[in-house]
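Residue numbers (the working numbering): 14 to 539. Everything on this sheet refers to the single structure shown next.
See below:
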């Protein structure tokens with residue numbers, strides 16, 4: 014039991030609090046150290062996230078051929094043909110002298126009206142005229158054909174409780190490769206393949222015979238042999254939907270002549286030698302497709318790389334040169350409570366400054382990044398682009414900017430137009446030695462090392478998650494143990510103070526009681 018000064022007249026609580034405040038001073042120092050370690054970890058991890066983002070963006074942009082060797086294709090008549098090109102296009106011009114026909118999707122429709130005059134596609138078919146003989150056990154199949162001419166059947170089961178709209182929706186949602194709809198005016202159902210082109214091997218065009226006016230016509234000397242692209246099985250399709258004798262249209266490949274070669278494709282958009290061509294109309298007058306370097310895209314990619322490098326450089330250099338303000342230490346809980354929220358935030362912003370000033374890990378890695386960019390490459394390739402300055406990228410003359418890159422836009426564009434592959438190799442060339450590697454590949458290697466070293470210091474990446482896996486985490490664990498042990502000692506010390514003061518209070522109380530007794534005895538005798 015604690016006695017709070019009733020006998021002595023002293024404020025024991027205040028005395029103990031003051032004694033413990035002095036005892037707690039080492040604890041406050043450890044708590045400030047704990048907060049400092051946490052802030053350092055946050056700063057390291059923020060930088061490491063920037064390293065990792067920049068590294069990934071290097072790989073996805075200036076090291077990617079599809080971006081750095083991007084092509085644009087100009088059509089002499091974009092109303093008839095358009096095209097785009099990837100990095101493999103080269104400089105070969107494509108000439109389409111004729112497009113005989115465009116690819117189209119096969120379609121077919123009912124040969125007559127479905128149901129009676131009052132047929133409602135929204136009501137169950139079991140209640141509709143024309144579907145009296147519908148058999149739910151009927152084997153129903155829609156067959157289309159794959160790219161190699163193989164039949165692809167899709168089986169269906171319908172019930173009398175379904176409406177025609179629901180049945181058509183079921184077909185459209187299936188993998189049959191067709192779309193279907195009901196037309197309220199004609200009261201017919203239409204089916205179309207979702208893909209253009211001719212796939213059924215029995216769907217054969219006639220051999221050309223210019224002397225025969227009936228060539229390809231029924232009854233002519235060289236008729237078309239037509240196997241259907243959409244085939245139906247089951248009375249529901251053939252009789253109820255009246256598709257048994259339905260004629261089919263479309264289902265043809267695009268036919269064209271390109272660079273003297275007559276060929277065909279199942280779609281109107283296709284790729285030849287890295288050029289993706291889209292046919293829009295038939296024609297017999299030549300259209301040329303001329304590829305060239307997409308200077309704007311390559312320029313924008315390199316500019317984005319330079320901008321991101323400069324942002325990273327500015328951030329890390331700012332951290333490395335920021336002075337430590339020793340007058341501002343992390344706040345204890347008591348100190349924070351004495352300030353307003355805004356004052357506490359401002360204080361802690363100042364207290365966090367300079368924690369990584371001249372950090373050796375960051376300083377060494379930034380020096381390596383600068384060296385990666387400034388050292389010429391020696392790829393053995395026939396190119397004049399061996400240094401960033403050769404393509405118009407130089408270092409700022411202002412030494413305060415610590416290696417910031419600047420772009421001469423006209424010179425960079427000229428370099429891209431002159432030798433896009435040479436520019437790409439300046440960044441992305443690979444080799445066994447440092448000198449043989451492109452600038453971006455060097456940067457990525459250095460960033461890999463930097464990310465690993467920072468993670469070993471502060472965790473957060475490369476599998477360094479638990480505190481025992483990285484240096485600052487271990488320091489924090491050790492400090493947490495010291496804090497916990499010191500907290501127990503403080504509790505013991507406070508308990509000892511209270512025991513001492515309680516004993517003093519009891520002694521004073523006992524002495525006062527004895528004095529009162531003696532005084533009473535003397536007074537009574539008198």
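Where a beta carbon is used, it is the ideal one built from N, C-alpha and C, also for glycine. Because the structure is a prediction, the values reported are computed rather than measured.
Non-local beta-carbon contacts of residue 250 in its own chain, meaning distances under 7 Å to residues more than five positions away in sequence, involve 153, 256 in chain order.
Looking at the DSSP output, residue 267 sits in a beta bridge with 278.
DSSP, read as helix, strand or coil, puts residue 137 in strand.
Residue range 308-334 is occupied by the alpha helix (DSSP H) that includes residue 322. Out of 210, 136, 124, 390, the CA that lies nearest to the CA of residue 441 is found in 390.
Around the C-beta of residue 378, 16 or more other C-beta atoms lie within 10 Å, and the residue is accordingly described as buried.
The beta carbons of residue 204 and residue 120 sit closer together than 8 Å. When DSSP states are grouped into helix, strand and coil, residue 435 belongs to the helix group. Contact between residue 92 and residue 294 holds, since their C-beta atoms are separated by about 7 Å, short of 8 Å. For residue 283, the pairing in a beta bridge is given by DSSP as 290.
Under the three-state reduction of DSSP output, residue 260 falls in the coil class, being neither helix nor strand.
In the DSSP assignment, residue 122 is bridged to 203.
With fewer than three CB-CB distances shorter than 8 Å, the region 413-422 does not count as touching the region 343-351.
The alpha-carbon separation between residue 360 and residue 516 amounts to approximately 44 Å. A contact is defined here as three or more CB-CB pairs under 8 Å, and the region 185-195 fails this definition with respect to the region 140-148. Contact annotation, residue 302 with residue 112: C-beta distance approximately 13 Å; criterion of less than 8 Å not satisfied. With distances taken between CA atoms, residue 485 lies nearest to 467 out of 495, 475, 467. By the criterion of at least three beta-carbon pairs nearer than 8 Å, the region 115-132 is not in contact with the region 316-331. Using a C-beta cut-off of 8 Å, the region 78-89 makes contact with the region 297-313, since at least three inter-stretch Cβ pairs fall below that distance. Taking C-beta atoms as the reference points, residue 240 and residue 266 fail to come closer than 8 Å. Excluding sequence positions up to five before and after residue 472, its CB lies within less than 6 Å of the CB of 483, 486, all in the same chain and listed in chain order.
A straight line joining the alpha-carbon of residue 465 with that of residue 499 spans about 35 Å. In this structure, the straight-line span from the alpha carbon of residue 105 to that of residue 288 is close to 10 Å.
Residue 373: not part of any beta strand (DSSP E); member of the alpha helix (DSSP H) spanning 373-387, first to last residue. Here residue 201 is buried, its C-beta having at least 16 other C-beta atoms within 10 Å. 64 is the residue among 64, 344, 401 whose C-alpha sits nearest the C-alpha of residue 475. The region 332-341 makes contact with the region 354-370: 3 or more CB pairs, one atom from each, lie closer than 8 Å. Cβ-Cβ distances below 7 Å link residue 357 to 344, 349 in the same chain, with the five nearest sequence neighbours on each side left out; the list follows chain order.
In this structure, DSSP gives residue 486 a helical state, which the three-state scheme calls helix.
Classified as exposed, residue 272 has fewer than 16 neighbouring CB atoms from the shown chains inside 10 Å of its CB. In this chain, residue 342 is not harboured by any alpha helix (DSSP H), its DSSP state being neither H nor E. Listed as beta-bridge partners of residue 156 by DSSP are 166, 244.
Closest by C-alpha distance to residue 41, out of 514, 524, 496, is 496. Shown here for residue 463: same chain residues with a beta carbon closer than 7 Å to its own, the five before and five after excluded, namely 64, 378 in chain order. In the structure shown, the three-state DSSP call for residue 102 is coil.
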